[in-house]
Amino acid sequence: MPVLELRIGSRGSRLALAQAREARDTLCQAMGLPYSASRIVTITTTGDRVQDRALRHIGGKGVFCREIEQALLADSIDVAVHSLKDMPVQQPDGLVIDCFLRRQDPRDALISRTATKIAELQADQTVGTSSLRRRMQLLRLQPRLKVVDLRGNILTRLTKWKQGEVDHIILALAGIRRLGIDDFPVHPIPARTMLPAPGQGIICLERRCDDGALREAFRLANDTGASHMAAAERGFLEALGGSCDLPVAALSELTDHTLSITGEFFPLGAVQSVSGSVSGPRFNAARLGTSLAKMLTQRVEQSIE
């Protein structure tokens, strides 16, 4: 049956809508539809409503997608657009993520008037972030920093920084780039200093499993490089349990037919992380992520014995 209107579900922040428009443009081109045949439907999630508590205290991964997935299951929308780093490793029955858009820069970024890199941050200064991973990485590098929980969308957090609530903030560089923000002092952080979250910088699209028309459109719109990186990094995260309470970082790189993945996690109660890398054929991406997680987990277990 021909698609009369493509309903695209998204959160309502400026970044989420920018990502939804990118998804719309890609899908409409793949399906041969004019933009006028699509509509972006904004949906408020738990993560948007609850701003006064840390994400891990209100449900962790899933608080930015649950209501959108419910709308997808209820046939109120046809496509759900998400930031991959916000997604749980398991989808609800009846839904599938099988389209990934080209990855934007996956690194974190330091927003600061006085420092251009993490090593220049001074003891007792405040750094705002809502990420447990970033908190642990920062405190490993500078134990005397005061890392404070800073919730809100990118523009909200930038406003709080501008008003002096914190000395510095850490944001995903991909979001800054997608919003075209160029009036703040943005300093990309090398991945060797702070490894990013699994899937950071990747937009993923979710559909109902029985939607045959979108299955083909997703196949045409899918970026194979991003899909391989997503598989490896999500495989790593899933093998570690996919918990929001376990600070996890991962980043993949592709060279011809080879995929390399570097992963890091902080064992519960530890202030130091365990990290490592593996490489192999890109078509084994998920297995590479899983094998890296097992290797690092075994290393932790052996250190305890």
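Residues in the sequence shown are numbered from -9 upward in steps of one, following the numbering used here.
We put the beta carbon where it would ideally sit given N, CA and C, even for glycine.
{"Asked": "Between which two residues does the alpha helix (DSSP H) holding residue 18 run?", "Found": "4 to 21"}
{"Asked": "For the alpha helix (DSSP H) holding residue 206, just list the boundary residues, first then last.", "Found": "202 to 211"}
{"Asked": "Go through its chain and collect everything with a Cβ distance to residue 275's Cβ below 6 Å, but skip five positions before and after it.", "Found": "218, 221, 222 and 249"}
{"Asked": "Considering only residues of the same chain and omitting the five flanking positions on each side of residue 2, which have a CB-CB separation below 8 Å?", "Found": "32, 33, 34 and 38"}
{"Asked": "What does residue 296 pair with, by DSSP beta-bridge criteria?", "Found": "The displayed coordinates of the chain run from -9 to 295. Any statement about residue 296 would go beyond what the structure contains."}
{"Asked": "State the CB to CB distance for the pair residue 119 and residue 159, rounded to an integer number of angstroms; the pair is presumed to be in contact (CB under 8 Å).", "Found": "7 Å"}
{"Asked": "Taking contact to mean at least 3 C-beta pairs separated by less than 8 Å, is the segment 8 to 22 in contact with the segment 63 to 76?", "Found": "yes"}
{"Asked": "Quick one: what's got a C-beta closer than 6 Å to residue 257's C-beta in the same chain, skipping five residues either side?", "Found": "290"}
{"Asked": "Say whether the segment 99 to 106 touches the segment 196 to 207, bearing in mind that this needs 3 or more beta-carbon pairs closer than 8 Å, one atom from each stretch.", "Found": "no"}
{"Asked": "Tell me the DSSP secondary structure of residue 197 in three-state form.", "Found": "strand"}
{"Asked": "Express the C-alpha separation of residue 225 and residue 140 in angstroms, rounding to a whole number.", "Found": "29 Å"}
{"Asked": "How many whole angstroms separate the CB atoms of residue 162 and residue 127, which I take to be in contact at a CB cut-off of 8 Å?", "Found": "Actually they do not touch by this definition, with Cβ atoms about 14 Å apart."}
{"Asked": "Can you give, in chain order, each stretch of the alpha helix (DSSP H) that sits fully within the segment 36 to 116 and has at least 4 residues?", "Found": "36 to 39 and 56 to 63"}
{"Asked": "Identify, in the order they occur along the chain, each residue of the same chain with its Cβ nearer than 8 Å to the Cβ of residue 271, setting aside the five sequence neighbours on each side.", "Found": "247, 248 and 249"}
{"Asked": "Quick check on residue 245: does DSSP put it in helix, strand or coil?", "Found": "strand"}
{"Asked": "How about the segment 204 to 211 and the segment 142 to 152: do they share at least three Cβ pairs that are nearer than 8 Å?", "Found": "no"}
{"Asked": "Evaluate residue 273 with the Cβ neighbour count: other Cβ atoms within 10 Å of its Cβ, from every protein chain shown; 16 or more gives buried, anything less gives exposed.", "Found": "exposed"}
{"Asked": "Among 173, 106 and 251, whose alpha-carbon lies nearest the alpha-carbon of residue 180?", "Found": "106"}
{"Asked": "To the nearest angstrom, how far is the alpha carbon of residue 184 from that of residue 237?", "Found": "12 Å"}
{"Asked": "Among all the DSSP beta bridges, which residues are the ones paired with residue 136?", "Found": "116"}
{"Asked": "Can you name the residues that DSSP bridges to residue 253?", "Found": "240 and 266"}
{"Asked": "What separation, rounded to the nearest whole angstrom, lies between the Cα atoms of residue 136 and residue 116?", "Found": "5 Å"}
{"Asked": "With 16 as the cutoff for other CB atoms within 10 Å, does residue 261 come out buried or exposed?", "Found": "exposed"}
{"Asked": "Which same chain residues end up closer than 7 Å to residue 174 when comparing Cβ atoms and leaving out the 5 residues on each side of it in sequence?", "Found": "101 and 148"}
{"Asked": "Pick helix, strand or coil for residue 261, following the three-state DSSP scheme.", "Found": "coil"}
{"Asked": "Could you check whether residue 178 and residue 97 sit closer than 8 Å to each other, using their CB atoms as the reference points?", "Found": "yes"}
{"Asked": "Answer yes or no: do residue 67 and residue -1 have a C-beta to C-beta separation smaller than 8 Å?", "Found": "yes"}
{"Asked": "Count the other CB atoms within 10 Å of the CB of residue 143; is the residue buried (16 or more) or exposed (fewer)?", "Found": "buried"}
{"Asked": "Just checking my contact of residue 156 with residue 166 at CB under 8 Å: how many whole Å lie between their CB atoms?", "Found": "About 17 Å; that fails the 8 Å criterion."}
{"Asked": "In the DSSP assignment, the alpha helix (DSSP H) including residue 144 goes from what residue to what residue?", "Found": "144 to 152"}
{"Asked": "In this structure, does DSSP put residue 230 in helix, strand or coil?", "Found": "coil"}
{"Asked": "Suppose you measure from the CA of residue 89 to the CA of residue 294; what does that come to, to the nearest Å?", "Found": "40 Å"}
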